[in-house]
Amino acid sequence: MYRYDDLDRQMLTDRSNEFRHQAARRLSGEITEDQFKPLRLMNGLYLQLHAYMLRVAIPFGTLSTAQLRRLAWVATTYDKGYGHFTTRTNVQLHWIKLRDAPDILDALAEVGLHAIQTSGNCIRNVTADPYAGATADEVDDPRVWAEAIREWSTVHPEFSYLPRKFKIAVTAAEKDRAAIRSYDIGLHLRRTRDGELSFEVMAGGGQGRTPYLAKTIREHLPASRLLSYLDAILRVYNRAGRRDNIHKARIKILVNSLGVEEFARQVEAEWAQIEAAEVDLPDTELARIRAAFQPQVFDPQPAVSPVFEAAKAADPEFARFARRNVHPHKVPGYAILDISLKAPGETPGDASSAQMETVADLADAYSQGEVRVNYTQNLVLPHVKLADVPAVYARLKEARLATANIDLITDIIACPGLDYCTLANARAIPVAQAIAKRFADPERAEAIGELGIKISGCINACGHHHLGAIGILGVDKKGEEYYQLSLGGSAGADAELARILGPAMSGQSIPDAIETLVETYLAHRQDGERFLDTVRRTGLQPFKEAVYAVAD
Amino acid sequence: MKVLTANSLTTGEVVFWNAGRWAVAFNDGQRFDGDEDAAGALTAAEDQPRMVVAPYLIDVEDMDGHWVPVAYRERLRALGPSNHPQHGKQADGDADVQALAAVTSSARSTGRIKLIRR
Amino acid sequence: MPSLIKLDAGSDQPRALTVQDAFVFVHDEEPIPAACDIVVTLSRLSSEGDDLLASGRRVGVRLQPSEAVEDLAYDLPRLAVVQLVFAKFRDGRPYSSARVLRERLAYQGEVRAVGDVLREQAMHMVRCGFDAFEPADGSSPEQWVAAAYRYRHVYQRAADEREPIHVERAQIASGLGHNRPDEVGA
Ligand code: SF4
């Protein structure tokens, strides 16, 4: 995996020195809160309900074990001993003091971690397929390109004060595990018929108040031309994006007001005038980055592991874990192993320092020292020998990390909501906890099958409610926490936005409503249909009738 | 009645105004009867940009003999997050905090709260 | 009246000086003063530019963030200064304007940052081709330069001379080492 070299690390040191300087000027009264706020935000430091929150970037969701251990240490030393993994594959520390922040940034910089551009109207942390480098269905490691974007976008002189935040995601696999169409720019890498790497470039996706799926603005972009093309998109956006209304400032509004053809035309016109050779990385630099993501050496293993098969036969709980959390690897005899941070009753996405240490130990022992963060708020061990899965499982179980619920009804995405977030309308975490408890029986959850519930505490949609098979949005109705249900969303290759089911309901009635939705689905389900398929086939009507008949 | 609140600049902790100083516990905050006194305190607080960030006034009411913030958001600020009862001010768990917590959870079902109104 | 800071192009170390501002900005409703160097708005430049430029003085223009530098192309070689207004420091449009001026329109004259011009954005401005600044925060030239060159490396090419980090890497790899001014004092 990519490790920062001396120059990258000097960048991080310079950055944290700069922030130390800025924080000192704020504390001494030399600059006002108004001037300081964007500076701290660009270093990931928010002021939330109870304390400052530090959002640390995990570029393309890849963590070394040294980095994960350092996060655990920071969480213990400066916070309350846990971290919250988010849908942006960042990790948030919720109890930070401003006066500690410069020291924390230094401690993170030592292992190549940082909070650069995790907030503010700039190019944010680049995300990628969490199975990159491990899955058989990719044409290239998307992180090569994500790292190129990471470097290009870091402290960009021209694009640090955009109309609004800007997010880019990359995938190189047919199955989209990075939700790329919900991004300002989604990049899908494929091979052309001549074997050349080429990006489909999509722009104008985003969630929030006005959700849009990104639209294709260029079918085939030679991969080596990526950065100059991004330059062109960003310049068009920086100059033409709206700045008079925060709700209309994202690129999705520009793309949709100009129309996708006109937007694409402007980008092409700008691109034609950019001195691309100045921007696009030379082959030598691309080769250097590529070398950092060279596939690891995998000891040859038998495709079928007797140890693994025996464990499945002996222990039904392990067999369930193997069905839900263990996925095929590109190398025979290896597996990609999902670690659920959704134990029923826990806060979705939270991991204690001790749990982080456990995962780091396991990654060192069994996964070539690599951990991934999935936007579903789970962790991934990308390279585990099938024969080692039972041992990994045993350790995970001790650490309460072996919940076998990936993609099931209890694998709920939830933003921090009103428990932490200053922008929230309602809490999200307790709703997730109540649903997870209701469906805690793993057998039942598995019988219900794939069902993504996604909860946001406000219209900003950090909990991806627009993309949930069941989306739940917290609203404020005459001072009470109310929740609006929507159905039929998904983030993957079949991306679609969920549609609102009906009037919002109180928090207490949500578990019953979910129960009703599930029963309705089971009553209508045809062979092998997922919840999402049934909703898409039948439409909302039967679900609406069932939920609101009960409510009346 | 109103109470003046803010977050401490250096620590981010929720604080409450009392006669020119900032207290950590909600119950140690000064309650203002008149709008004028409250506004005067707010102006004074805004003059302390090196102590606190974004001071503002919140409405409080007497419920069953205890002063509580009207807005649910403010109750969470005065207590701590509901998913981690051991985090935040609620961790200290003295009588005032317990009363506030009890009132907060019982009030939730009565609709007698404002979620985010300050 | 903010003071005017100019980058010192003649020095090989990054340096800046406080200079006397020779230009007077003339609002649209004001008459053009006699015999002094002036800066006018884009609309005045369009309507009266030829007369002004013929009057034997130096003339500059002040552009609002929404005004396109491309509209200056014809007059550009005759303009002594282009002032780009930062309406708010958060409004990043002037960065693009400055780069287009320098890199695409090859403008050689002074590009000056006016308006909500703060030290924290000094690096972005310098990298995008600004060489003159009217800081709204009272920064001294030394503070300005220290902020502008706080980073030893940059990841992209822009309108300045700095080479991106991958060029430094290639030089290190080929044994040439890298030549850069050492970090300028804080
Ligand atoms: S969706 Fe709203 S409540 Fe949830 S984290 Fe985002 S801004 Fe906060």
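Residue numbers (the numbering used here), protein chains in the order written: chain Y, 307 to 858; chain R, 1101 to 1218; chain S, 754 to 939.
We put the CB at the ideal spot given by N, CA and C, even for glycine.
Cutoff 7 Å; reference G1160(R); Cβ partners in own chain excluding five residues on either side: Checking the sequence, you will find Val at residue 1160(R) rather than Gly. Excluding sequence neighbours, V1160(R) sits near M1101, K1102, V1103, R1131, W1167, V1168, P1169 and V1170.
8 Å contact criterion, which A742(Y) and V841(Y) should meet: CB distance rounded: That belief does not hold up - the Cβ atoms of A742(Y) and V841(Y) are roughly 21 Å apart, past 8 Å.
Counted within 10 angstroms of its Cβ, other Cβ atoms place Q790(Y) as buried (16 or more) or exposed: buried
Against chain R: residues of the region 350-378 of chain Y by CB proximity under 7 Å: L353, L355, H356, A357 and Y358
Straight-line Cα distance separating I559(Y) from H553(Y): 9 Å
For A1123(R) and G510(Y), the rounded distance between their alpha carbons: Their backbone Cα atoms lie some 47 Å apart in a straight line.
Closer than 8 Å: S927(S) CB and nearest the ligand SF4 heavy atom: no
Residues that DSSP places opposite W1167(R) in a beta bridge: D1162(R)
Beta bridge counterpart(s) of N1118(R) as assigned by DSSP: R1121(R)
CB contact check: S1209(R) to chain Y, cutoff 9 Å: Any reading at S1209(R) must be qualified, since the residue scores a pLDDT of 46, below 50, and its modelled position is unreliable; the value itself is stated next. Output row for S1209(R): interface = yes.
Three-state secondary structure (DSSP) of Q674(Y): In the displayed model, Q674(Y) falls within coil according to three-state DSSP, outside both helix and strand.
Whole-Å CB distance - T395(Y) paired with G418(Y), under 8 Å assumed: Not quite, the Cβ-Cβ distance comes to about 16 Å (not below 8 Å), so this is no contact.
Closer than 9 Å to chain S by CB, Y467(Y): yes
Cβ separation of P436(Y) and R678(Y), assumed to be a contact under 8 Å, to the nearest whole Å: Confirmed, about 4 Å.
Members of the region 535-566 of chain Y near chain A, C-beta cut-off 8 Å: This model lacks chain A altogether; the protein chains it does include are Y, R and S.
Closer than 8 Å: I765(Y) CB and nearest the ligand SF4 heavy atom: yes
Given V853(Y) as reference, the closest of F837(Y), M811(Y), L838(Y) and E835(Y) once Cα atoms are compared: M811(Y)
Three-state secondary structure assigned by DSSP to F391(Y): Of the three classes helix, strand and coil, the one that applies to F391(Y) here is strand, per DSSP.
Minimum Cβ-Cβ distance from S334(Y) to chain R less than 9 Å: yes
Neighbour-count burial assignment, D605(Y), 16 or more Cβ in a 10 Å radius: exposed
Beta bridge counterpart(s) of H494(Y) as assigned by DSSP: T477(Y) and E506(Y)
Under 8 Å (Cβ pairs) to chain S, residues found in the region 576-594 of chain Y: Q579, E581, E584, V585, L587, P588, T590, E591 and R594
Residues of the region 1104-1122 of chain R whose Cβ lies closer than 7 Å to any Cβ of chain Y, in chain order: N1107, L1109, T1110, T1111, G1112, E1113 and V1114
Backbone CA spacing between D447(Y) and Q600(Y) [nearest angstrom]: 9 Å
Heavy atom of the ligand SF4 within 8 Å of L760(S) beta-carbon: no
Cβ pair count under 8 Å reaching 3, the region 427-441 of chain Y against the region 687-702 of chain Y: Segments in contact, yes.
Per DSSP, cross-strand counterpart(s) of A885(S): K759(S) and R865(S)
Residues that K691(Y) bridges to, as DSSP identifies them: Y640(Y)
Contact list for the region 1138-1166 of chain R against chain Y, Cβ threshold 8 Å: P1149, R1150, V1153 and A1154
Those residues which DSSP pairs with N1107(R) across a bridge: Its beta-bridge partners are V1114(R) and V1153(R).
Contacts that L871(S) makes with chain Y (C-beta to C-beta distance below 8 Å): Q341
G763(S) versus A769(S) - alpha carbon distance: If I take the Cα positions, the gap works out to 10 Å.
Every unbroken beta strand (DSSP E) inside the region 411-458 of chain Y [3 residues or more]: none
Secondary structure, beta strand (DSSP E): runs of 3+ residues fully inside the region 767-844 of chain S: 769-772, 776-778, 790-794, 812-816 and 834-839
Rounded C-alpha distance that separates Q773(S) from R831(S): Those two C-alpha atoms are separated by around 21 Å.
Chain S contact for L313(Y) (CB, 9 Å cutoff): yes
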